[in-house]
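Only one structure is covered here, and it is reproduced in the block below.
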Amino acid sequence: MLLGLMLMISLSVCVNAVETKPQAVTFQSSYQTHIQNVGWQEWQSDAGVSGTTGRSLRLEGIRLKINDHPNLGITYKTHVQNIGWQNWVDDGAEAGTTGRSLRMEAVRIKLTGSEAEKFDVYYQAHVQNQGWQQWVKNGELAGTEGLSYRMEAIRMVITPKGAAPPDDTTAFKNVIVLISDGCGANHILATDYFTGGQGGIQVYENFPTQYFMSTYSTGKIESADDARYTYDPATIWSSFDELKNRPTDSAASATAMATGTKTYNGAVGVDPNQNNLRNLTEDFEANGKSTGVVTSVELSHATPAAFVAHDTDRSNYSGIANEMIRDSRIDVIMGAGNPLYNDDSVKRSSIEAEHYQFVGGQETWAALEAGALGNDADGDGDPDSWQLIQTKADFEALQSGAAPDRVIGVPPVYTTLQYGRTGDVNAQPFAVALNNQVPSLATMARDSLNVLDNNEEGFFLMIEGGAVDWAASKNQSGRMIEEETAFNQAVAAVCDWVEGNSSWSETLVIVTSDHETGYLTGSSGIYNEVVNNGKGVMPTMVWNSQSHTNQLVPIFAKGPGSDLFRKYAVGSDPVRGAYINNTDIPRVIRELLK
Numbered sequence: 215m216l217l218g219l220m221l222m223i224s225l226s227v228c229v230n231a232v233e234t235k236p237q238a239v240t241f242q243s244s245y246q247t248h249i250q251n252v253g254w255q256e257w258q259s260d261a262g263v264s265g266t267t268g269r270s271l272r273l274e275g276i277r278l279k280i281n282d283h284p285n286l287g288i289t290y291k292t293h294v295q296n297i298g299w300q301n302w303v304d305d306g307a308e309a310g311t312t313g314r315s316l317r318m319e320a321v322r323i324k325l326t327g328s329e330a331e332k333f334d335v336y337y338q339a340h341v342q343n344q345g346w347q348q349w350v351k352n353g354e355l356a357g358t359e360g361l362s363y364r365m366e367a368i369r370m371v372i373t374p375k376g377a378a379p380p381d382d383t384t385a386f387k388n389v390i391v392l393i394s395d396g397c398g399a400n401h402i403l404a405t406d407y408f409t410g411g412q413g414g415i416q417v418y419e420n421f422p423t424q425y426f427m428s429t430y431s432t433g434k435i436e437s438a439d440d441a442r443y444t445y446d447p448a449t450i451w452s453s454f455d456e457l458k459n460r461p462t463d464s465a466a467s468a469t470a471m472a473t474g475t476k477t478y479n480g481a482v483g484v485d486p487n488q489n490n491l492r493n494l495t496e497d498f499e500a501n502g503k504s505t506g507v508v509t510s511v512e513l514s515h516a517t518p519a520a521f522v523a524h525d526t527d528r529s530n531y532s533g534i535a536n537e538m539i540r541d542s543r544i545d546v547i548m549g550a551g552n553p554l555y556n557d558d559s560v561k562r563s564s565i566e567a568e569h570y571q572f573v574g575g576q577e578t579w580a581a582l583e584a585g586a587l588g589n590d591a592d593g594d595g596d597p598d599s600w601q602l603i604q605t606k607a608d609f610e611a612l613q614s615g616a617a618p619d620r621v622i623g624v625p626p627v628y629t630t631l632q633y634g635r636t637g638d639v640n641a642q643p644f645a646v647a648l649n650n651q652v653p654s655l656a657t658m659a660r661d662s663l664n665v666l667d668n669n670e671e672g673f674f675l676m677i678e679g680g681a682v683d684w685a686a687s688k689n690q691s692g693r694m695i696e697e698e699t700a701f702n703q704a705v706a707a708v709c710d711w712v713e714g715n716s717s718w719s720e721t722l723v724i725v726t727s728d729h730e731t732g733y734l735t736g737s738s739g740i741y742n743e744v745v746n747n748g749k750g751v752m753p754t755m756v757w758n759s760q761s762h763t764n765q766l767v768p769i770f771a772k773g774p775g776s777d778l779f780r781k782y783a784v785g786s787d788p789v790r791g792a793y794i795n796n797t798d799i800p801r802v803i804r805e806l807l808k
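Using my numbering, the letters of the sequence shown map in sequence onto residues 215 to 808.
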């Protein structure tokens with residue numbers, strides 16, 4: 215499922231007024247929906263999602279109200295299966311039905327009160343077979359009449375009169391893409407259950423744009439038209455094991471998300487004919503914006519590599535690292551791969567040549583340590599030297615305050631921040647003490663943002679939680695939840711930065727995965743959800759594979775352009791509903807750059 219949905223969106227709206235300044239929105243609209251098999255959800259607020267997507271559950275009832283405004287009210291009516299349009303109701307009253315198993319099909323909403331003319335009420339319906347419709351306002355119809363389609367979710371926001379609806383892109387400046395490597399819907403749900411006792415608790419689970427996404431690759435070199443490598447809803451559910459067939463790897467999927475082109479497994483930034491592809495970091499750099507990549511695994515691993523480098527083989531770590539460090543114009547690189555330490559942050563007694571592979575070899579590492587490495591990253595004709603940071607204290611200090619323009623951060627650990635530490639790999643989450651010598655992924659996210667926002671033109675940043683995949687491929691439930699928790703904390707840090715240092719009209723945040731790993735379900739051999747056993751208790755969960763799968767993965771988006779994903783959601787899956795392709799991510803982002 216796309217997990218229980220709510221959300222808050224910033225209401226600071228830029229309005230071009232000719233004579234009078236629009237009335238500021240200092241109050242809150244609240245709404246809740248009654249859902250098939252769920253009942254009444256919690257109240258949600260301004261532009262949050264109430265209802266579900268990807269679960270084929272109907273809305274049955276709705277309540278709306280205005281908080282903290284004595285001169286403003288709200289009135290609404292619903293179109294209900296077998297009934298038609300009901301009468302208007304007001305201010306928290308129930309519209310629709312409960313206990314009758316009747317679907318809501320449409321809704322109309324208007325503001326009332328002496329100050330109603332100072333504001334617009336925008337609302338948007340998620341409809342069976344259609345997905346998210348366009349925003350409508352002030353009594354217009356959202357949903358459908360005469361089609362027998364159920365409404366599945368709704369979101370609403372009140373804006374100053376004449377303001378643009380949500381997802382206006384005129385103030386666009388930054389893009390932040392966060393990728394949880396190997397994460398599927400059940401990985402998110404299992405982590406929610408263990409850490410919070412219920413689903414839908416992560417900030418991104420409340421983003422207004424939510425779909426599922428296909429991840430398939432071309433499979434092999436020169437097979438761009440190979441029909442075997444695809445996602446076909448008509449056949450994918452023919453048997454439980456079908457989802458195990460023809461999965462992508464991280465390199466091919468990241469390349470698709472970074473460039474918009476499908477390629478073969480193992481390819482980094484090249485097409486099926488091994489030609490270099492232009493990636494998003496190059497697009498942003500051409501527009502005068504800064505760029506960065508951050509990961510919890512080796513800095514030259516497949517996902518960060520695909521957003522910066524070009525190589526026919528993902529395992530060419532040293533060559534990829536050198537392209538990233540010596541040749542690219544990227545401004546921030548952060549990740550593991552420190553040759554001086556093992557996975558417990560213990561300094562090595564002897565260092566072999568292979569230990570330098572993730573940082574480009576011994577010569578490159580020595581130049582970084584000496585502060586003697588850097589090319590012209592900003593196009594002014596002068597070299598821009600890398601500033602290398604390694605200690606946890608240095609990472610923590612970089613989260614705020616003055617920051618250099620170009621930073622490479624390599625914490626004192628070899629392959630991952632936490633996953634590779636010694637201890638019982640099958641223990642409960644966090645039962646084995648964490649490595650306290652390394653920064654968290656959230657800290658590294660804040661570091662990168664503090665560096666990149668030096669550029670007033672904006673930036674592109676990719677942040678990867680890379681070891682969810684590693685834990686899932688070993689079916690290590692506790693470590694998977696640890697890694698997904700660290701990723702969730704990084705997303706929360708990013709959203710805090712947006713709300714404190716930017717805005718949701720400036721910054722687009724996308725949260726997704728490159729593929730699912732482990733075929734995680736609630737029961738063996740059955741495609742179902744993991745089962746909640748309460749906070750701090752491992753959910754009932756079963757691994758059905760030790761590899762990647764070809765199933766759809768969730769994607770969440772908020773900010774300028776997030777509504778653009780709607781036009782790409784042309785796939786229709788019998789289980790997940792409307793879905794996009796991973797190549798649609800750069801398509802949406804490139805529309806913003808036009």
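Think of the CB as a built atom: it goes at the ideal place given N, C-alpha and C, for glycine as much as any other residue. Note that the coordinates shown come from a computational prediction; the quantities given were computed from them, not determined experimentally.
Buried or exposed: which applies to residue i, given that a residue is buried once 16 or more other Cβ atoms fall within 10 Å of its Cβ?
{"i": "residue 297", "result": "exposed"}
{"i": "residue 364", "result": "buried"}
{"i": "residue 477", "result": "buried"}
{"i": "residue 348", "result": "exposed"}
{"i": "residue 714", "result": "exposed"}
{"i": "residue 809", "result": "No answer is possible for residue 809: the residues shown for the chain start at 215 and end at 808."}
{"i": "residue 645", "result": "exposed"}
{"i": "residue 749", "result": "exposed"}
{"i": "residue 274", "result": "buried"}
{"i": "residue 746", "result": "buried"}
Cβ atoms of residue j and residue i: under 8 Å apart, would you say?
{"i": "residue 811", "j": "residue 319", "result": "The chain is shown only over 215 to 808; residue 811 falls outside these bounds and no answer can be derived."}
{"i": "residue 241", "j": "residue 288", "result": "no"}
{"i": "residue 291", "j": "residue 307", "result": "no"}
{"i": "residue 447", "j": "residue 787", "result": "yes"}
{"i": "residue 814", "j": "residue 355", "result": "As displayed, the chain neither begins before 215 nor continues past 808, which places residue 814 out of reach and without an answer."}
{"i": "residue 539", "j": "residue 602", "result": "no"}
{"i": "residue 480", "j": "residue 513", "result": "no"}
{"i": "residue 627", "j": "residue 559", "result": "yes"}
{"i": "residue 398", "j": "residue 727", "result": "yes"}
What is the DSSP secondary structure of residue i, reduced to helix, strand or coil?
{"i": "residue 725", "result": "strand"}
{"i": "residue 337", "result": "strand"}
{"i": "residue 578", "result": "helix"}
{"i": "residue 201", "result": "Residue 201 is absent from the model: the chain starts at 215 and stops at 808."}
{"i": "residue 793", "result": "strand"}
{"i": "residue 545", "result": "coil"}
{"i": "residue 380", "result": "coil"}
{"i": "residue 346", "result": "strand"}
{"i": "residue 237", "result": "For residue 237, the pLDDT reaches just 45, beneath the cut-off of 50, and the residue's location in the model is therefore unreliable, leaving the point undetermined."}
{"i": "residue 774", "result": "coil"}
{"i": "residue 374", "result": "strand"}
{"i": "residue 686", "result": "helix"}
{"i": "residue 566", "result": "coil"}
{"i": "residue 210", "result": "Absent from the structure is residue 210, since the part of the chain shown begins at 215 and ends at 808."}
{"i": "residue 469", "result": "helix"}
{"i": "residue 226", "result": "For residue 226, the pLDDT reaches just 27, beneath the cut-off of 50, and the residue's location in the model is therefore unreliable, although a value from the coordinates is still provided. Residue 226 falls in the coil class under three-state DSSP."}
{"i": "residue 743", "result": "coil"}
{"i": "residue 539", "result": "helix"}
{"i": "residue 255", "result": "coil"}
Which residues mark the beginning and the end of the beta strand (DSSP E) in which residue i is found?
{"i": "residue 676", "result": "673-679"}
{"i": "residue 362", "result": "Residue 362 -> no beta strand (DSSP E), and no H or E assigned at all."}
{"i": "residue 249", "result": "242-249"}
{"i": "residue 623", "result": "621-623"}
{"i": "residue 389", "result": "388-394"}
{"i": "residue 787", "result": "785-787"}
{"i": "residue 290", "result": "287-294"}
{"i": "residue 697", "result": "Residue 697 -> not in any beta strand (DSSP E); alpha helix (DSSP H) instead, spanning 691-715."}
Ends of the alpha helix (DSSP H) at residue i?
{"i": "residue 531", "result": "531-536"}
{"i": "residue 804", "result": "798-807"}
{"i": "residue 816", "result": "One cannot answer for residue 816 here, as it falls past the ends of the chain, which runs 215 to 808."}
{"i": "residue 450", "result": "447-450"}
{"i": "residue 277", "result": "Residue 277 -> not in any alpha helix (DSSP H); beta strand (DSSP E) instead, spanning 273-281."}
{"i": "residue 779", "result": "779-782"}
Ordered list of beta strand (DSSP E) runs contained in the region 399-440, each at least 3 residues: 423-428
Unbroken stretches of the alpha helix (DSSP H), 4 residues or longer, contained in the region 482-537: 494-500, 516-520, 531-536
Beta strand (DSSP E) segments (min. 3 residues) lying fully within the region 593-659: 601-603, 621-623
Contained beta strand (DSSP E) runs [length at least 3] in the region 308-335, N- to C-terminal order: 318-326
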